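Chemist: Counting in my numbering, the sequence shown runs from 20 upward without gaps. Built from N, CA and C at the ideal position, the CB exists for glycine as well. Only a predicted model underlies this, so the values are computations on that prediction, with no experimental measurement involved. Quick one: the structure is below, and I'll ask about it shortly.
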Amino acid sequence: MKREFKNLLKEKSRADAPDILIVSSECAPISKSGGLADVVGALPKNLAALGFDARVITPYHRVVKERYGNKTEFMFSFSINLGWRSQYVGILKLELDGVIIYLVENDFYFGDRMYLGSVAEGEQYAYFNLAVLNAISNLGFSPDILHCNDWQAAMLPMLIKTDPDYAHLRHIKTLLTIHNIAFQGRYDLSFFSEHFGISDMYFTPEFIELHGAGSFLKAGCVFADAINTVSPSYADEICVPFFGEGLEGILSARRHELSGILNGIDSSVFNPYTDPLIHTNYHKGRLSGKAKCKESLMFDLGLKAPPDTPLIAMVTRMTGQKGFDIVTRVLDEMMGFDICFVLLGTGDRRYEDFMREAEARHRGRLCAYIGYDESLSHKVYAGADLLLMPSLFEPCGLSQMIAMRYGTLPIVRETGGLKDSVMPYNKYTGEGNGFSFSNYNAHEMKEAVYTAVRLYRDDRAAFNKLLRCAMETDFDFLRCAEHYARLYIKML
Ligand code: ADP
């Protein structure tokens, strides 16, 4: 794969690799609320390994200032007009792991909360889009491609193409990456004229109007030179109404410019052989360490069952998207399979309450750890036998990839990136790296869990074959970066 890519780059020569400016509301490790940050953090490092100069521009959130303030360098400042107000923009520079990150500073917009919610959040990211556009020419870095991520950066393609103030940036190509189409940045049409000075002629369904309001993401879908999302299957899915959230029309019309690139994980961080956070390190040739991780996890979480009891885990945000409506429906029935169950998650109150009550009903067999705990998540991935991920929709999903890396077999619904990363067990050939079910239906999910539990109990050799195959599956981020590199080159 790598050799093939190097050949592709050779055709143009390394010097021709386009320079990329990645625009994002968050970037790991400096600021993170979800998977978007992981991708934006990993992409430039991996692109650098392929010979690209890729930099990031992102808000100087309070968390960044607190943790990295003494490593930043002030570059320049200016003012922009946002509606009737004139607002300060400071641009700072931070170099981390060899990657240059430009930080947009304004304490009013980027304070304690990365996302202000409601219309304040619209203004917050309207400001961000305008600050980025007005900063580009003075960065001392002239990008060939502006890589815009999610709705918070999605106005950039439209402003570059339609606003005469930014005509000098029209040579820059724009890529919009949709990490989750459910979040669109939808506000009244008057918001768009007030903050961006957009003329009424664009307030139609061919441009930014969607069900009577305007949408940042729709503007990006209409005006970006190329669009991609985070898995090939999700790229297909968002072209139909059930998943498209109103954007299926424009995305179907631009299907030839819409691609899907499966995210990856950092396989040096998620490595059971070296991970310092787990009880005993192991690899696929010596799995006794995994058994020790399970024993220690069960002890720590107060699970009292024989060591060969199948341990099923979920590590997740607790929202409707993640399948909690079907989990809550049949959890008690699944517990009847004589299993142990661990949930590490936080989110909607009703699901948290349900899981707390379930813990009380199945004490010693079920642990609901309500909270966000990175270190515990590693222990769960290493110690569990199976990871349940029955999502209603899933643009990509990282948990199933991490689980596989630790030899924990995923049980997933066949949607989006789950469908693209999990090869379901084939009982005739013995092949696969997990288990799956197709419809969003509690009893289908229960059947898939039953199949996995039966295989674990009745045919451990077959189960371990899947486990080794899962551990060998390559989800490294470099593969993902290679796909982005190809896409950038194609866009020129
Ligand atoms: P999404 O981005 O939709 O939440 P993903 O599967 O793409 O879902 O990524 C979720 C990431 O967040 C994974 O790395 C997972 O391990 C981590 N995660 C989710 N919930 C928790 C939690 N409660 N504690 C620790 N890590 C979590």
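In or out: P295 buried (at least 16 other Cβ within 10 Å) or exposed?
Modeler: In the sequence shown, the residue the question calls residue 295 occupies position 276. P295 is exposed by the Cβ-count criterion.
Chemist: Could you spell out the range, first to last residue, of the beta strand (DSSP E) harbouring M408?
Modeler: Taking the first residue of the sequence shown as 1, we reach residue 408 at position 389. Where M408 is concerned, the enclosing beta strand (DSSP E) stretches over L405 to M408.
Chemist: Give me the residue from R81, R305, S44 and S98 with the minimum Cα distance to V75.
Modeler: What you label residue 75 is simply residue 56 of the sequence shown in a count that begins at 1. Nearest of R81, R305, S44 and S98 to V75, Cα basis: S44.
Chemist: Beta carbon of E256: closer than 7 Å to some heavy atom of the ligand ADP?
Modeler: Residue mapping note: residue 256 aligns to position 237 of the sequence shown, counting from 1. Because no heavy atom of the ligand ADP lies under 7 Å away, the Cβ of E256 does not count as near it: no.
Chemist: Provide the residue span of the beta strand (DSSP E) that contains F71, from first to last.
Modeler: Numbered from 1 along the sequence shown, position 52 holds the residue referred to as residue 71. No beta strand (DSSP E) contains F71, which DSSP labels as neither H nor E.
Chemist: Which whole-angstrom value describes the C-beta separation of S418 and T335, a residue pair presumed to lie in contact below a C-beta threshold of 8 Å?
Modeler: For the purposes of this step, residue 418 is taken as residue 399 along the sequence shown, with counting starting at 1. For the purposes of this step, residue 335 is taken as residue 316 along the sequence shown, with counting starting at 1. With 8 Å as the limit, S418 and T335 qualify as a contact, their Cβ atoms being about 6 Å apart.
Chemist: So what's C167 in DSSP terms, helix, strand or just coil?
Modeler: Stepping through the sequence shown from its first residue, residue 167 is reached at position 148. C167: strand per DSSP, three-state reduction.
Chemist: Taking 8 Å as the threshold, find out whether the region 471-481 comes into contact with the region 310-326 through three or more Cβ pairs.
Modeler: With the cut-off at 8 Å, the region 471-481 and the region 310-326 do not touch.
Chemist: Could you check if G416 belongs to the surroundings of the ligand ADP, using beta carbon to heavy atom distance under 7 Å?
Modeler: Here residue 416 refers to the residue found at position 397 when the sequence shown is read from its first residue. Under cutoff, so the answer is yes.
Chemist: Below 7 Å, is the gap between the Cβ of T335 and the nearest heavy atom of the ligand ADP?
Modeler: Indexing the sequence shown from 1 puts residue 335 at position 316. For the ligand ADP, at least one heavy atom lies less than 7 Å from the Cβ of T335.
Chemist: So, does the CB of S455 fall closer than 8 Å to a CB anywhere in chain C?
Modeler: Here chain C cannot be found, since the structure has a single protein chain.
Chemist: Run through the DSSP bridge pairs and tell me what Y107 is partnered with.
Modeler: As a first step, residue 107 is located in the sequence shown; it is residue number 88 there, counting from the start. BP columns for Y107 point to S98.
Chemist: Looking at the structure shown, is N483 part of a helix, part of a strand, or coil, going by DSSP?
Modeler: As a working note, residue 483 is residue 464 in the sequence shown. Three-state result, N483: helix.
Chemist: Taking the C-alpha atoms as reference points, what is the distance between V138 and F129?
Modeler: Locating residue 138 in the sequence shown gives position 119, where the first residue counts as 1. Locating residue 129 in the sequence shown gives position 110, where the first residue counts as 1. Going from the Cα of V138 to the Cα of F129 covers about 15 Å.
Chemist: Compute every distance between the C-beta of I39 and the non-hydrogen atoms of the ligand ADP, then say whether any falls below 7 Å.
Modeler: As a working note, residue 39 is residue 20 in the sequence shown. Every heavy atom of the ligand ADP is 7 Å or more from the Cβ of I39, so no.
Chemist: Is it a yes or a no for the region 233-244 touching the region 286-295, going by three-plus beta-carbon pairs under 8 Å?
Modeler: Result no; under three Cβ-Cβ pairs closer than 8 Å.
Chemist: According to DSSP, simplified to helix, strand and coil, what is V288?
Modeler: What you label residue 288 is simply residue 269 of the sequence shown in a count that begins at 1. V288 falls in the coil class under three-state DSSP.
Chemist: Assuming H198 and L55 form a contact by the criterion Cβ under 8 Å, report the distance between their Cβ atoms to the nearest whole angstrom.
Modeler: For the purposes of this step, residue 198 is identified with residue 179 of the sequence shown, where counting begins at 1. For the purposes of this step, residue 55 is identified with residue 36 of the sequence shown, where counting begins at 1. 5 Å between Cβ atoms; contact.
Chemist: Ignoring anything shorter than 4 residues or poking outside the region 238-290, list the alpha helix (DSSP H) runs there in chain order.
Modeler: Complete alpha helix (DSSP H) runs here, min 4: 251-256, 260-263 and 267-272.
Chemist: Under the assumption that I39 contacts P162 (Cβ atoms under 8 Å), give the Cβ distance between them as a whole number of angstroms.
Modeler: On the sequence shown, position 20 is the one that residue 39 refers to. On the sequence shown, position 143 is the one that residue 162 refers to. Confirmed, Cβ separation roughly 6 Å.
Chemist: Have a look at K180 and K192 and give me their C-alpha separation to the nearest angstrom.
Modeler: To locate residue 180, count along the sequence shown from 1; it is residue 161. To locate residue 192, count along the sequence shown from 1; it is residue 173. Roughly 10 Å separates the two Cα atoms.
Chemist: Only counting the same chain, and skipping five residues up and downstream in sequence, which positions put a Cβ closer than 6 Å to that of P176?
Modeler: Taking the first residue of the sequence shown as 1, we reach residue 176 at position 157. Excluding sequence neighbours, P176 sits near T193, G239, F242 and A243.
Chemist: Buried or exposed: where does M220 fall if 16 or more other Cβ atoms within 10 Å of its Cβ makes it buried?
Modeler: Within the sequence shown, residue 220 is the residue found at index 201, counting from 1. The residue in question, M220, is exposed, as its Cβ has fewer than 16 Cβ neighbours within 10 Å.
Chemist: Just to confirm, is the Cβ distance from L229 to R205 under 8 Å?
Modeler: As a first step, residue 229 is located in the sequence shown; it is residue number 210 there, counting from the start. As a first step, residue 205 is located in the sequence shown; it is residue number 186 there, counting from the start. Yes.
Chemist: Look at the alpha carbon of E264 and the alpha carbon of E314, and state the distance between them as a whole number of angstroms.
Modeler: Position 245 of the sequence shown, counted from the first residue, corresponds to residue 264. Position 295 of the sequence shown, counted from the first residue, corresponds to residue 314. Their backbone Cα atoms lie some 44 Å apart in a straight line.
Chemist: Starting from the C-beta of W103, find all residues in its chain whose C-beta is less than 7 Å away, skip the five residues before and the five after it, and write them out in chain order.
Modeler: Here the question's residue 103 lines up with position 84 in the sequence shown. So the list is empty, once near-sequence residues are dropped.
Chemist: When the Cα atoms are used, what is the spatial distance from F215 to A173?
Modeler: Sequence index remark: in the sequence shown, residue 215 carries index 196 (1-based). Sequence index remark: in the sequence shown, residue 173 carries index 154 (1-based). Computed Cα separation, rounded: 13 Å.
Chemist: For G60 and I120, what's the separation of their Cα atoms in angstroms?
Modeler: Here residue 60 is taken as the residue at index 41 of the sequence shown, counted from 1. Here residue 120 is taken as the residue at index 101 of the sequence shown, counted from 1. If you take the alpha carbons of G60 and I120, they lie about 10 Å apart.
Chemist: Secondary structure at K519, three-state DSSP: helix, strand or coil?
Modeler: Given that the chain is displayed from residue 20 to residue 511, the structure contains no residue 519 and the question cannot be resolved.
Chemist: Select from R384, C359, L113 and D367 the residue whose C-alpha is nearest the C-alpha of L406.
Modeler: Translated into positions along the sequence shown, residue 406 becomes position 387. Measuring from the Cα of L406, the nearest candidate turns out to be C359.
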